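Going by UniProt numbering, the residue at position 767 of the sequence shown is 767; the numbering climbs one at a time, nothing skipped.
Even glycine gets a Cβ: it sits at the ideal position worked out from N, Cα and C.
Fair warning: this is a prediction, and the values are worked out from it, not measured in the lab.
Comments concern the structure below.
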Amino acid sequence: MEYNFTEIEKKWQRKWVEKQTYKVQEDKNREKFYVLNMFPYPSGAGLHVGHPLGYIASDIYARYKRLKGFNVLNPMGYDAYGLPAEQYAIQTGQHPAITTEKNITRYREQLDKIGFSFDWDREVRTCDPKYYHWTQWAFQQMFNSCYDNRQQKAVPIKQLIRHFEEEGTLNLDVAQGEEKMFSARDWMSMDEKEQQEILMNYRIAYLGETMVNWCPGLGTVLANDEVVDGVSERGGFPVIQKKMKQWCLRVSAYAQRMLDGLDKVQWSDSIKETQRNWIGRSEGTEVEFKSVTPVDGKEVENAFTIFTTRADTMFGVTFMVLAPESELVEKLTTAEQRKEVEEYLTYVKKRTELDRMSDRKVTGVFTGSYGINPLTGEKLPIWISEYVLSGYGTGAIMAVPAHDSRDYAFAKHFNLPIIPLIEGADVSEESFDAKEGTVINSPVKETEGCFSLNGLSVKEAIAATKKYVTDKGIGHVKVNYRLRDAIFSRQRYWGEPFPVYYKDGMPYMIPTDCLPLELPEIDKFEPTESGEPPLGRAKIWAWDEANKKLVDKSLIDNKTIFPVELNTMPGFAGSSAYYLRYMDPHNDEALVGKEADEYWQNVDLYVGGTEHATGHLIYSRFWNKFLHDYGYSCKEEPYEKLVNQGMIQGRSNFVYRINSDDHSKDPVFVSLGLKDQYETTPIHVDVNIVHGDILDIEAFKAWRPEYNNAEFILENDKYVCGWAVEKMSKSMFNVVNPDVIIEQYGADTLRLYEMFLGPVEASKPWDTNGIDGCHRFLKKFWKIYQQELTDDEPSKESLKSVHKLIKKVSGDIEQFSYNTAISAFMICVNELGQQKCNNRSLLKDMLILIAPFAPHIAEELWETLGQKESICDAKWPQWNEAYLIESEVQLTISFNGKARFQMTFPADAGKEEIEKIAVADERSQKYIDGKTIIKVIVVPKKIVNIVCK
Numbered sequence: 001m002e003y004n005f006t007e008i009e010k011k012w013q014r015k016w017v018e019k020q021t022y023k024v025q026e027d028k029n030r031e032k033f034y035v036l037n038m039f040p041y042p043s044g045a046g047l048h049v050g051h052p053l054g055y056i057a058s059d060i061y062a063r064y065k066r067l068k069g070f071n072v073l074n075p076m077g078y079d080a081y082g083l084p085a086e087q088y089a090i091q092t093g094q095h096p097a098i099t100t101e102k103n104i105t106r107y108r109e110q111l112d113k114i115g116f117s118f119d120w121d122r123e124v125r126t127c128d129p130k131y132y133h134w135t136q137w138a139f140q141q142m143f144n145s146c147y148d149n150r151q152q153k154a155v156p157i158k159q160l161i162r163h164f165e166e167e168g169t170l171n172l173d174v175a176q177g178e179e180k181m182f183s184a185r186d187w188m189s190m191d192e193k194e195q196q197e198i199l200m201n202y203r204i205a206y207l208g209e210t211m212v213n214w215c216p217g218l219g220t221v222l223a224n225d226e227v228v229d230g231v232s233e234r235g236g237f238p239v240i241q242k243k244m245k246q247w248c249l250r251v252s253a254y255a256q257r258m259l260d261g262l263d264k265v266q267w268s269d270s271i272k273e274t275q276r277n278w279i280g281r282s283e284g285t286e287v288e289f290k291s292v293t294p295v296d297g298k299e300v301e302n303a304f305t306i307f308t309t310r311a312d313t314m315f316g317v318t319f320m321v322l323a324p325e326s327e328l329v330e331k332l333t334t335a336e337q338r339k340e341v342e343e344y345l346t347y348v349k350k351r352t353e354l355d356r357m358s359d360r361k362v363t364g365v366f367t368g369s370y371g372i373n374p375l376t377g378e379k380l381p382i383w384i385s386e387y388v389l390s391g392y393g394t395g396a397i398m399a400v401p402a403h404d405s406r407d408y409a410f411a412k413h414f415n416l417p418i419i420p421l422i423e424g425a426d427v428s429e430e431s432f433d434a435k436e437g438t439v440i441n442s443p444v445k446e447t448e449g450c451f452s453l454n455g456l457s458v459k460e461a462i463a464a465t466k467k468y469v470t471d472k473g474i475g476h477v478k479v480n481y482r483l484r485d486a487i488f489s490r491q492r493y494w495g496e497p498f499p500v501y502y503k504d505g506m507p508y509m510i511p512t513d514c515l516p517l518e519l520p521e522i523d524k525f526e527p528t529e530s531g532e533p534p535l536g537r538a539k540i541w542a543w544d545e546a547n548k549k550l551v552d553k554s555l556i557d558n559k560t561i562f563p564v565e566l567n568t569m570p571g572f573a574g575s576s577a578y579y580l581r582y583m584d585p586h587n588d589e590a591l592v593g594k595e596a597d598e599y600w601q602n603v604d605l606y607v608g609g610t611e612h613a614t615g616h617l618i619y620s621r622f623w624n625k626f627l628h629d630y631g632y633s634c635k636e637e638p639y640e641k642l643v644n645q646g647m648i649q650g651r652s653n654f655v656y657r658i659n660s661d662d663h664s665k666d667p668v669f670v671s672l673g674l675k676d677q678y679e680t681t682p683i684h685v686d687v688n689i690v691h692g693d694i695l696d697i698e699a700f701k702a703w704r705p706e707y708n709n710a711e712f713i714l715e716n717d718k719y720v721c722g723w724a725v726e727k728m729s730k731s732m733f734n735v736v737n738p739d740v741i742i743e744q745y746g747a748d749t750l751r752l753y754e755m756f757l758g759p760v761e762a763s764k765p766w767d768t769n770g771i772d773g774c775h776r777f778l779k780k781f782w783k784i785y786q787q788e789l790t791d792d793e794p795s796k797e798s799l800k801s802v803h804k805l806i807k808k809v810s811g812d813i814e815q816f817s818y819n820t821a822i823s824a825f826m827i828c829v830n831e832l833g834q835q836k837c838n839n840r841s842l843l844k845d846m847l848i849l850i851a852p853f854a855p856h857i858a859e860e861l862w863e864t865l866g867q868k869e870s871i872c873d874a875k876w877p878q879w880n881e882a883y884l885i886e887s888e889v890q891l892t893i894s895f896n897g898k899a900r901f902q903m904t905f906p907a908d909a910g911k912e913e914i915e916k917i918a919v920a921d922e923r924s925q926k927y928i929d930g931k932t933i934i935k936v937i938v939v940p941k942k943i944v945n946i947v948c949k
């Protein structure tokens with residue numbers, strides 16, 4: 001019987017659906033295991049062979065854990081909101097819901113063909129009101145919460161209000177935007193609007209003025225990863241920095257907890273380090289600097305603070321730098337410098353924060369003002385530069401160019417002084433004495449040209465300086481974090497609506513029992529003519545407070561009927577807690593019921609790309625920690641183990657066009673082996689019309705009709721294409737559709753080949769030429785089961801081969817070393833073929849082993865062995881070490897260092913016995929004949945070398 005993969009795979013995909021093979025429910029009698037893939041966005045292009053890499057890897061593990069007896073949750077859904085669908089809607093007029101549904105249908109078809117063990121009954125889509133009901137609910141919980149620094153958790157805003165009523169801000173320690181001071185009497189004398197404005201400074205979800213990436217062409221704020229080289233990734237529109245009032249989430253309040261949580265999860269060191277750098281904890285000192293600004297012959301004084309981790313270097317400060325967004329810029333810019341400063345600020349507006357962090361070019365402008373070093377009294381010029389960011393520290397720095405690379409580059413560029421630090425050196429006694437913690441108010445002598453730690457270590461000097469500035473009241477010790485609050489507004493249509501209406505300019509929450517607030521229908525998906533977000537076009541978009549329902553905007557009277565929020569939530573809103581919803585997707589009463597949450601707890605294995613190492617992981621961890629504070633999630637960390645799959649790169653093909661000045665002639669293409677005889681231009685060609693690097697010329701002409709009359713210079717009657725490994729991309733025509741591979745070789749071959757390419761975490765090139773080897777293996781595997789099987793006692797060799805495989809595959813799956821497991825299968829199948837193994841029990845075990853990798857062929861052969869239940873419910877075999885004990889060992893026999901033949905010896909044979917048997921073998925006589933044996937060298941388990949003369 002031939003291996004008809006097409007019929008077999010269709011048959012089992014149908015049966016899995018009919019029998020609900022992958023449907024999973026809570027079962028307290030079985031240990032749970034939760035496997036999850038990072039939420040996919042269903043693009044119109046569908047899947048290429050790089051996309052399923054992580055899905056296949058996680059599916060193998062999910063199937064393996066089920067065979068090990070675990071109750072496995074392996075769900076799938078769609079991150080369905082986003083800018084691409086909205087832009088397509090703007091271009092075509094087609095509603096994004098229609099294109100999204102079409103894309104999801106296409107994705108589902110492709111995923112089903114690959115044979116994943118997803119429980120589709122648990123599917124979630126972020127654009128489904130039943131799902132975003134709970135995103136809106138979570139947002140409202142954050143709005144009605146603040147962060148208590150003493151308890152290190154979120155608490156209801158009602159507790160904060162009670163504190164204000166009783167003590168004002170006295171003894172208050174909660175996360176806040178700007179420090180505010182008032183008494184209980186002050187609070188009680190405020191009207192409702194004033195109180196709401198105060199509370200906004202403390203809410204976890206709050207409205208705040210913040211710098212954003214504003215894209216006028218798209219009419220929306222963009223995330224950093226949506227901006228490339230100063231333009232939008234989508235459409236290439238210019239992006240500027242703009243201060244806007246936006247909804248934000250106070251992610252920064254959770255910074256320390258997110259750092260601490262990294263010690264409790266099984267993530268790679270590189271991902272943990274990326275997270276730590278993103279959170280960016282710094283212990284240092286905030287120091288107050290006075291400033292003077294020349295105005296009409298007088299000096300106007302101001303004060304501002306800087307944050308430094310090296311207070312001991314304050315004698316090395318030679319200038320100050322402000323972030324371009326700093327409020328101090330307006331105060332400290334002199335009339336003489338204003339034009340130059342304004343021109344510079346216009347330039348910086350076109351630069352994203354990511355550009356400013358990665359681009360090392362030096363730019364800046366002098367404000368005209370000076371800062372006063374509190375230790376020396378020295379006047380320091382205050383500059384503005386894009387390398388200082390407003391969101392980190394105070395948005396102002398003291399520059400020590402001798403000991404900071406960016407400060408140094410800036411000083412060199414603008415010819416500013418540089419004072420080096422010499423550890424252990426002593427300078428003038430008038431300078432800072434770190435040991436005594438005292439300062440004489442005079443600058444470091446210019447003749448010295450350096451500043452000193454006066455014999456202290458850096459650590460000791462930092463501590464002494466901290467103590468000094470604290471004792472003198474010019475500074476205080478502080479811990480800073482680079483982590484910013486998340487901007488949570490987008491001026492788009494295709495996103496979750498905010499359940500918010502505005503009364504007297506202040507936001508109020510639509511009652512929870514009225515959720516979800518559904519996205520309204522609008523006639524166009526662009527911003528309004530007056531510049532409002534697209535939701536400004538909605539007609540039924542006002543909140544009737546008395547009747548608790550949406551009504552026509554024309555009825556707004558700001559007494560009982562109020563305007564509704566026009567912004568929508570960003571993409572990460574829906575993808576921040578989806579893993580919880582999978583646990584209990586049909587619950588209408590809660591995001592996740594307590595019973596389901598306590599059973600599934602959190603994700604045991606999370607698989608996805610490294611591109612989510614910062615944003616998504618930060619936001620989802622924050623979201624989960626917030627829900628954990630209120631008991632809505634029983635585990636503080638959402639993802640126990642994280643595996644980042646590598647990228648499958650494309651193998652591009654090229655044809656070579658001979659250069660010609662005569663454009664009237666038909667083009668001539670020359671084959672790879674002959675191209676060096678001509679001047680040529682390489683042209684990418686669709687890899688789907690190239691087979692084994694041989695071009696299908698007729699298909700090429702059909703693909704590019706302009707080359708219909710082209711001439712082809714062949715070698716051996718074939719056109720051989722060149723090739724290169726590049727990113728898989730439509731523009732390089734190297735995208736391989738998995739549907740094509742499945743049609744030619746089958747889904748099991750695709751699954752095996754993607755895992756055989758290399759380690760899961762590594763990037764590797766796709767080469768369709770190599771897939772045939774995996775397909776031949778499956779045909780050989782199939783053939784073993786076409787013989788008549790028996791229950792006779794298996795041979796020792798066969799027992800050893802299979803039990804060696806069980807041990808190898810079990811260990812490799814746990815380590816995600818799938819490529820070496822597949823190699824072991826290939827070796828074992830060859831061995832069993834040579835041994836003519838037909839033992840039913842051993843071959844059943846081998847079927848179970850291969851089931852996670854190639855489930856269709858495994859199910860089919862399992863059925864032919866008379867099994868009634870799915871192989872998914874089989875039991876993972878255990879290896880027996882007794883079968884792996886080596887009874888014999890094979891050694892190479894060499895004469896004077898030259899290998900001649902191999903011999904088998906008892907595994908427990910000693911050196912003398914091995915020497916005696918080797919010398920006595922009749923094959924040895926041919927090399928010893930007429931010679932004298934000088935010595936025999938026996939290297940255990942490797943070689944016997946007979947030295948003769």
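Item	Value
Cα-Cα separation, D407 to K361	12 Å
With 16 other Cβ atoms within 10 Å as the buried cut-off, status of K625	buried
Closest by C-alpha distance to V35, when choosing among E9, H51 and A62	A62
Under the three-state DSSP convention, the category G811 falls into	helix
Spatial neighbours of D845 in its chain, beta-carbon cut-off 7 Å, leaving aside the 5 residues before and after	V802, I806 and P877
Alpha-carbon spacing of V607 relative to V564, whole angstroms	38 Å
A80 (DSSP reduced to helix, strand or coil)	coil
Coil, strand or helix - T892 by DSSP	strand
Cβ-based burial, T447 [other Cβ within 10 Å; buried from 16]	Confidence is the limiting factor: at T447 the pLDDT is only 32, short of 50, which leaves the residue's position unreliable, though a coordinate-based value still follows. T447 is exposed by the Cβ-count criterion.
Classification of F901 by the beta-carbon crowding that lies within 10 angstroms, buried from 16 upward	exposed
L627 at chain D interface by Cβ criterion, 8 Å	The displayed structure is made up of one protein chain only, and chain D is not part of it.
DSSP state of A899 mapped onto helix, strand, coil	strand
Nearest to F139 (by Cα), restricted to the options Y206, R150 and E165	Y206
Cβ pair count under 8 Å reaching 3, the stretch 591–610 against the stretch 630–640	yes
Nearest-angstrom beta carbon gap, H856 and D696 [assumed within contact, 8 Å]	Not really, about 29 Å apart at Cβ, beyond 8 Å.
Alpha-carbon spacing of I937 relative to A909, whole angstroms	15 Å
Sheet register partners of S43 (DSSP bridge)	Its beta-bridge partners do not exist; DSSP assigns none.
Start-to-end residues for the beta strand (DSSP E) that takes in H163	Not the beta strand (DSSP E): H163 falls in the alpha helix (DSSP H), residues I157 to E167.
DSSP three-state assignment for S731, whether helix, strand or coil	helix
Beta-carbon spacing of A918, I885 below 8 Å	no
Classification of H775 by the beta-carbon crowding that lies within 10 angstroms, buried from 16 upward	buried
Reduced DSSP secondary structure (H/G/I, E/B, other) of K875	coil
Integer Cβ distance of D119 from N74, believed to fall under 8 Å	6 Å
Neighbour-count burial assignment, Q787, 16 or more Cβ in a 10 Å radius	exposed
Chain-order list of residues whose beta-carbon lies under 6 Å from that of G284 (same chain, five-residue window excluded)	F307, T308 and T309
Residues bridged to I462 (per DSSP)	Answer by DSSP bridge pairing: none, since I462 is not bridged.
8 Å CB neighbourhood of L789 in its chain, flanking five on each side removed	N838, N839, R840, L843 and L865
Rounded straight-line distance, which links the Cα of T100 to that of E743	26 Å
Reference T610, options Y88, R185 and D269, closest by Cα	D269
C-alpha gap between F116 and A821, whole angstroms	19 Å
Option in H51, A80, Y107 and K130 with minimal Cα separation from R581	K130
Bridge partner(s) assigned by DSSP for L36	Y606
Where K804 sits in the DSSP three-state scheme	helix
Simplified DSSP state of L861, which is helix, strand or coil	helix
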